[in-house]
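Enquirer: Submitted below is the structure of interest, expressed as structure tokens.
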Amino acid sequence: MKPNRDDTASQLKRNEDALFRAVDSLQGTQECRNFFKDLCTPAELQALVDRWHVVGLLRRDLPYRRIHDMTGVSVTTIGRVARFLSDGFGGYEAAIERSNHKHHPRTKSASH
Numbered sequence: 002m003k004p005n006r007d008d009t010a011s012q013l014k015r016n017e018d019a020l021f022r023a024v025d026s027l028q029g030t031q032e033c034r035n036f037f038k039d040l041c042t043p044a045e046l047q048a049l050v051d052r053w054h055v056v057g058l059l060r061r062d063l064p065y066r067r068i069h070d071m072t073g074v075s076v077t078t079i080g081r082v083a084r085f086l087s088d089g090f091g092g093y094e095a096a097i098e099r100s101n102h103k104h105h106p107r108t109k110s111a112s113h
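Quick note: the sequence shown uses our numbering, first residue 2, plus one each step.
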């Protein structure tokens, strides 16, 4: 949050909700890619991409130092991702679960 803002906590929440509704409205990977490229600077987008990559590496139980060596992401950031992966709001887990189902759809039963 930027200092010296006049927004109230409720206005900040409404703005945050509007952003999340916009993301939720997007259809498909390309629309999401375009939205985030419009929304973020290249450095901000790379930071998000790096964190998501770190999630996958942490789930493979790689040591922080190895992840740092592979990605260049700071050990501090890796630790933060790890903390939220285990004790966060469940967002990483929901995204992992849903993206796995999206890329590996269940096959329909032959009994139909």
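From the three backbone atoms N, C-alpha and C, an ideal C-beta is built for every residue, glycine too. These figures come from a predicted structure and were not determined experimentally.
Helix, strand or coil, according to DSSP, for V74 in the structure here?
Expert: As a working mapping, residue 74 is identified with position 73 in the sequence shown. Coil at V74, not helix or strand.
Enquirer: Ignoring anything shorter than 4 residues or poking outside the stretch 23 to 85, list the alpha helix (DSSP H) runs there in chain order.
Expert: 29 to 40, 43 to 60 and 65 to 72
Enquirer: Do V55 and V74 have their C-beta atoms within less than 7 Å of each other?
Expert: For this step, residue 55 is matched to residue 54 along the sequence shown. For this step, residue 74 is matched to residue 73 along the sequence shown. For V55 and V74, yes; Cβs fall inside 7 Å.
Enquirer: How should V24 be labelled, buried or exposed, when 16 other C-beta atoms within 10 angstroms of its C-beta is the threshold for buried?
Expert: The residue given as residue 24 occupies position 23 in the sequence shown. Answer is exposed; the Cβ neighbour count stays below 16.
Enquirer: By how many angstroms is the C-alpha of S26 removed from the C-alpha of K38?
Expert: Numbered from 1 along the sequence shown, position 37 holds the residue referred to as residue 38. Numbered from 1 along the sequence shown, position 25 holds the residue referred to as residue 26. Cα-Cα distance, rounded: 16 Å.
Enquirer: Would you tell me roughly how many angstroms separate the C-alpha atoms of H102 and T77, rounded to the nearest one?
Expert: Residue numbering aside, residue 102 sits at position 101 when the sequence shown is read from its first letter. Residue numbering aside, residue 77 sits at position 76 when the sequence shown is read from its first letter. C-alpha separation (whole angstroms): 31 Å.
Enquirer: May I have the straight-line CA-CA distance separating A111 from Q47, to the nearest angstrom?
Expert: Your numbering for residue 111 matches position 110 in the sequence shown. Your numbering for residue 47 matches position 46 in the sequence shown. Interpretation of A111 is limited by its pLDDT of 41, a score under 50 that renders its predicted location unreliable; the figure taken from the coordinates is listed afterwards. Distance between the alpha carbons of A111 and Q47: 43 Å.
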